[in-house]
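Going down the list, the sequences are from chains A and B. Under this note's numbering, residues 1 to 145 are what the first sequence spells out, in order. Under this note's numbering, residues 146 to 290 are what the second sequence spells out, in order. We put the CB at the ideal spot given by N, CA and C, even for glycine. From a predicted model like this one, the values you see are computed outputs, not experimental measurements.
There are 2 protein chains.
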Amino acid sequence: MTENGEIIDKALSLATRCGLGELGTLSEAGSPQIKCMMKTRQDGLKTFWFCSNTSSKRVARIMEDGRACLYFFDPANFEGLLLEGRASVTREEGLLHDFWQEGMERYYPAGPDDPDYCIVVFHSERGNYYHGMINRDFEIKQGEI
Amino acid sequence: MTENGEIIDKALSLATRCGLGELGTLSEAGSPQIKCMMKTRQDGLKTFWFCSNTSSKRVARIMEDGRACLYFFDPANFEGLLLEGRASVTREEGLLHDFWQEGMERYYPAGPDDPDYCIVVFHSERGNYYHGMINRDFEIKQGEI
Chain A
1 MTENGEIIDK
11 ALSLATRCGL
21 GELGTLSEAG
31 SPQIKCMMKT
41 RQDGLKTFWF
51 CSNTSSKRVA
61 RIMEDGRACL
71 YFFDPANFEG
81 LLLEGRASVT
91 REEGLLHDFW
101 QEGMERYYPA
111 GPDDPDYCIV
121 VFHSERGNYY
131 HGMINRDFEI
141 KQGEI
Chain B
146 MTENGEIIDK
156 ALSLATRCGL
166 GELGTLSEAG
176 SPQIKCMMKT
186 RQDGLKTFWF
196 CSNTSSKRVA
206 RIMEDGRACL
216 YFFDPANFEG
226 LLLEGRASVT
236 REEGLLHDFW
246 QEGMERYYPA
256 GPDDPDYCIV
266 VFHSERGNYY
276 HGMINRDFEI
286 KQGEI
């Protein structure tokens with residue numbers, strides 16, 4: 001295994017064991033904003049999905065400007081992963097139904113077809129992983145990790 | 146106490162009990178970036194200080210573009226606070242010495258005057274606090290909170 005492969009394995013392990021990630025987006029003025037999101041699904045380090053609300057300010061901002069980052073951090077050992085890429089919003093029917101779980105009626109009373117229920121998708125383009133003396137940038141190509 | 150005062154009290158309580166905060170800054174391309182920072186000192190909700198490294202990419206970015214945010218989150222009850230404002234970097238001698246603690250030689254071998262030892266200062270301009278059904282924006286004026 002290459003050393004780069006080891007870094008990516010560590011980054012993937014961190015992203016996989018974190019149920020929560022911080023999504024960074026841009027305000028209308030182009031300033032950074034952060035919100036903690038509960039991870040619904042992930043495909044390696046490439047793609048992450050989060051259930052959200054169509055009516056929220058954050059979703060409106062993502063629809064206007066998709067520049068985004070996703071950050072995972074383990075406070076127990078100061079291990080961090082910054083993924084930079086793009087976020088988008090989808091109401092693809094198959095995904096809305098796939099991700100539906102009991103109890104979500106509390107947030108979306110009309111069920112999986114509730115117009116306020118939507119999905120934020122984050123696509124990674126590059127990563128920075130750090131832990132102790134390690135601090136490494138790497139590219140993320142679709143179809144790889 | 147006004148309802149707004151209660152919100153600010155809750156926000157201040159959250160920021161005060163969080164030892165770690167996520168600092169959001171901008172990449173050269175204007176995209177958001179996030180890094181977890183250990184809080185060194187705070188003045189209410191107005192100003193926060195963090196020890197950092199002069200040579201780091203994050204510090205270089207802050208010196209070029211100070212647009213920033215600071216985010217505190219309590220995963221135990223999904224309570225969050227986003228502070229938006231500006232970050233800057235200082236090597237003010239009094240602060241460097243005030244913030245110096247035993248063990249920091251590990252990161253700054255030359256002691257409190259080590260050229261790689263610097264302080265990131267975050268000044269809040271406005272906040273968004275949320276918890277359960279509460280989600281409230283508020284302004285932060287210097288000399289107030």
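Asked, Found
"Under 9 Å from the C-beta of residue 76/A: neighbouring residues of chain B", "By Cβ distance, chain B contributes nothing, its closest Cβ being about 12 Å from residue 76/A, past 9 Å."
"Any C-beta of chain A under 8 Å from that of residue 152/B", "no"
"Cβ-based contacts, 8 Å cut-off: residues of the segment 24–43 of chain A near chain B", "24, 25, 26, 27, 29, 30, 31, 32, 33, 34, 35 and 36"
"Exposure label - residue 37/A; buried when at least 16 CB within 10 Å", "buried"
"Reduced DSSP secondary structure (H/G/I, E/B, other) of residue 6/A", "helix"
"Bridge partners - residue 127/A, DSSP secondary structure assignment", "83/A and 138/A"
"Beta-ladder partner(s) of residue 182/B, from DSSP", "166/B"
"Secondary structure of residue 190/B, DSSP reduced to three states", "coil"
"Nearest-angstrom Cα separation, counted from residue 260/B out to residue 133/A", "19 Å"
"Positions along the segment 57–74 of chain A whose CB lies within less than 8 Å of some CB in chain B", "67, 68, 69, 71 and 73"
"Local Cβ density within 10 Å of residue 168/B, reported as buried at 16 or more and exposed below that", "buried"
"Neighbour-count burial assignment, residue 6/A, 16 or more Cβ in a 10 Å radius", "exposed"
"Close-in-space but distant-in-sequence residues of the same chain around residue 237/B (CB under 8 Å, 5 per side omitted)", "264"
"Per DSSP, the bridge partner or partners of residue 218/B", "225/B"
"Test: residue 20/A CB closer than 8 Å to a CB of chain B", "yes"
"Bridge partners - residue 68/A, DSSP secondary structure assignment", "85/A"
"Whether residue 69/A touches residue 207/B by CB criterion (8 Å)", "no"
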